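2 protein chains.
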Amino acid sequence: MDEQTPSVLTGLPSWLLTQSAAQAGRIVAESFAAAGARGYHFRLLATLVEFGPASQAALGRHSSIDRSDVVAALNELEADGYVDRIPDPDDGRRNIVTITAAGRRHHRRLVTVVTKAQDEIFAPLSATDRTRLTTLLGRLLAHHQQY
Amino acid sequence: MDEQTPSVLTGLPSWLLTQSAAQAGRIVAESFAAAGARGYHFRLLATLVEFGPASQAALGRHSSIDRSDVVAALNELEADGYVDRIPDPDDGRRNIVTITAAGRRHHRRLVTVVTKAQDEIFAPLSATDRTRLTTLLGRLLAHHQQY
DNA sequence: CAAATTTCAGGGCTACTGAAATAC
DNA sequence: CGTATTTCAGTAACCCTGAAATTT
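Protein chains in written order, with this note's numbering: chain A, 1 to 147; chain B, 1 to 147.
Okay, structure coming up:
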């Protein structure tokens, strides 16, 4: 940052939140890009690893990705051989999405990559402060995700 | 959120940060939209109010908006009569951007709007926790903005 | 000459809407 | 019938790059 930021902005909690998130997002996005991926890919693969094969709609609900964006991201993951997409024999509306062995390797790679990024992002904070921050953010997120 | 989020994600500090920021950003963006504005407008007007007339490049540096996006946002603000854009007589490369009386009124409106949004965003946190959070985020942001 | 400014054209990523076709 | 799923087309906002024209 070259010059001073208006105090009207720096005094806004939401500004601190969105701006620091933008910095974090930039670092994570660059790390993913270097590994040939982006955020949606990681979120979908992580969901498949944790919950197993699922329909696209279920994947979207788990990973907070819009149904429409799930389609596009899965197209890319499928083209790279990281997931299989087959029609559900029990429900003609659905596809069953499964992660492949290559997909699991890719996912492990991305976990490593994103874990390293955490250190760069939260470098200025002690372990205690990181815990304090994640606790507060966790409460914030939980509040806005319930309904 | 309908279904569970993978623990690989919820355990990532950067995920908590970017997701809670996304929620905050959505609330702020909706508030701005209801007032006929968006984030860039507010950031530019706040900069003009705090630092006075400035060139577009200086505005961009103050508000962390790319030179290219400053052009587009100023086009909109100018069309609405919120800023004046005149060539700098002392430097043929520059425009001098000035906020108008209507622009100041618009800015005050947006300050009210964005202040109200803070309460909705940080509702689950006590005043003490809000201070803790903003302190931690401020340190994070300061670290990534220096070089 | 190099550097700064404005402008335009364009892209990437996340997030979202509306509509169609299909199946439950 | 209403609801759910997949897919496509399109939009908004923010962030960023490259290049041209102009001026310092």
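Cβ coordinates follow ideal geometry from the N, Cα and C atoms, glycine included. Source: prediction; values computed, not measured.
- Task: For B:Ser7, go through chain A and note every residue whose CB falls closer than 7 Å to its CB, in chain order.
- Result: Those within 7 Å of B:Ser7 in chain A are Glu50.
- Message: Assuming B:Val71 and B:Leu77 are in contact, meaning their beta carbons sit under 8 Å apart, how far apart are those beta carbons, in whole angstroms?
- Response: In fact, because the Cβ distance is near 11 Å, the residues do not count as touching under 8 Å.
- Could you round the C-beta distance between B:Ala35 and B:Val111 to whole angstroms and report it? I think they count as a contact, below 8 Å. Contact flag wrong, Cβ pair sits at about 10 Å.
- Query: Can you give the beta carbon distance from A:Leu137 to A:Leu125, rounded, assuming they're within the 8 Å contact cut?
  - Reply: Contact doesn't hold; Cβ gap of about 12 Å is too wide.
- Message: Quick test of your reading: A:Glu50 and B:Ser7, contact by CB under 8 Å. State the CB separation rounded to the nearest angstrom.
- Response: That pair is a contact at about 7 Å.
- Give the range of the alpha helix (DSSP H) segment to which A:Ile121 is assigned. 101 to 121 is the span of the alpha helix (DSSP H), which, as asked, contains A:Ile121.
- Report yes if the C-beta distance between A:Arg94 and A:Ser55 is below 7 Å; otherwise report no. Contact: yes.
- Message: Could you compute how far the alpha carbon of B:Ala73 sits from the alpha carbon of A:Arg105?
- Response: A straight line joining the alpha-carbon of B:Ala73 with that of A:Arg105 spans about 44 Å.
- Message: Looking at the secondary structure, which residues open and close the alpha helix (DSSP H) in which A:Ile27 lies?
- Response: Annotation: the continuous alpha helix (DSSP H) that includes A:Ile27 extends over 13 to 34.
- alpha helix (DSSP H) containing A:Arg67: first to last residue? 67 to 79 is the span of the alpha helix (DSSP H), which, as asked, contains A:Arg67.
- For B:Leu44 versus B:Ser64, is the C-beta spacing smaller than 7 Å? Contact flag unset, no.
- Going by C-alpha distance, which of A:Leu48, A:Arg61, A:Thr131 is nearest B:Gly11? For B:Gly11, the nearest C-alpha among the options comes from A:Thr131.
- Query: Hey, A:Thr18 and B:Ala21: beta-carbon distance below 7 Å or not?
  - Reply: The answer is yes: Cβ separation under 7 Å.
- Task: Sort out for me which residues DSSP pairs A:Ala127 with in a bridge.
- Result: None, per the DSSP bridge assignment.
- My understanding is that B:Tyr40 touches B:Asp69, with C-beta atoms under 8 Å, so please give their C-beta distance in whole angstroms. For a cut-off of 8 Å, the C-beta gap from B:Tyr40 to B:Asp69 is around 6 Å, short enough to register as a contact.
- For the region 121 to 139 of chain A, enumerate the residues whose C-beta is nearer than 8 Å to any C-beta of chain B, in chain order. Those residues of the region 121 to 139 of chain A that come within reach of chain B (Cβ to Cβ, closer than 8 Å) are Ile121, Phe122, Ala123, Pro124, Leu125, Asp129, Arg130, Arg132, Leu133, Thr134, Leu136, Leu137, Gly138, Arg139.
- Just reading off the alpha helix (DSSP H) that B:Arg93 is part of, what are its end residues? Careful: B:Arg93 lies outside any alpha helix (DSSP H) and carries neither H nor E.
- Message: Beta-carbon within less than 7 Å of A:Glu30's beta-carbon, same chain only, minus the 5 sequence neighbours each way: which residues are those?
- Response: Cβ neighbours of A:Glu30 beyond the five flanking positions: none.
- Message: To be precise: take each residue of the region 20 to 38 of chain B, compare its Cβ to all Cβ atoms of chain A, and keep it if any distance is under 7 Å. Which residues remain?
- Response: Taking 7 Å as the Cβ-Cβ cut-off against chain A, the residues of the region 20 to 38 of chain B that qualify are Ser20, Ala21, Gln23, Ala24, Gly25, Val28.
- Message: Please report the distance separating the alpha-carbon of A:His143 from that of A:Pro13.
- Response: Here the alpha carbon of A:His143 sits roughly 17 Å from the alpha carbon of A:Pro13.
- Message: Can you check which of these residues, B:Leu141, B:Ile121, B:Ala123, B:Ala127, is closest to A:Ala123 by C-alpha distance?
- Response: Distances from the CA of A:Ala123 to each of B:Leu141, B:Ile121, B:Ala123, B:Ala127 were compared; the closest alpha carbon is that of B:Leu141.
- In chain A, which residues lie with their C-beta within 8 Å of the C-beta of B:Leu141? The contacting residues are Leu16, Gln19, Ser20, Gln23.
- Where does A:Ser132 fall in DSSP's three states? It should be noted that the sequence gives Arg, not Ser, for residue 132 of chain A. It is helical.
- Query: Which residues in the same chain have their Cβ closer than 8 Å to the Cβ of B:Asp66, if we skip the five residues on either side of it in sequence?
  - Reply: Sequence-distant partners of B:Asp66 (beyond 5 residues in either direction) whose C-beta falls short of 8 Å from its own C-beta, in its chain, are Gly60.
- Message: Taking CB distances under 7 Å as the criterion, tell me whether A:Pro13 reaches chain B.
- Response: With 7 Å as the cut-off, A:Pro13 counts as an interface residue toward chain B.
- Interface flag, A:His144 vs chain B, CB-CB below 7 Å: Yes, contact with chain B.
- Task: Give a yes or no on whether 7 Å exceeds the smallest Cβ distance from B:Gln118 to chain A.
- Result: Chain A contact via Cβ: present.
- Message: Counting only Cβ pairs nearer than 9 Å, list the residues of chain B close to A:Thr47.
- Response: Within chain B, the residues near A:Thr47 are Thr5, Pro6, Val8, Leu9.
- Query: Is A:Gly52 buried or exposed, if buried means 16 or more other CB atoms sit within 10 Å of its CB?
  - Reply: A:Gly52 is exposed by the Cβ-count criterion.
- Item | Buried or exposed (CB count within 10 angstroms, at least 16 for buried), A:Gly103 | Taking all protein chains shown into account, A:Gly103 has 16 or more neighbouring C-beta atoms within 10 Å of its C-beta and is therefore buried.
- Item | Contacts around B:His107, its chain only, beta-carbon distance under 6 Å, and the 5 residues preceding and following it disregarded | Within the same chain, B:His107 has close Cβ partners Leu45, Val49.
- Quick one: residues in its chain with C-beta nearer than 8 Å to the C-beta of B:Pro87, no 5 flanking neighbours on either side, listed in chain order? Result list for B:Pro87: Arg94, Asn95, Ile96, in chain order.
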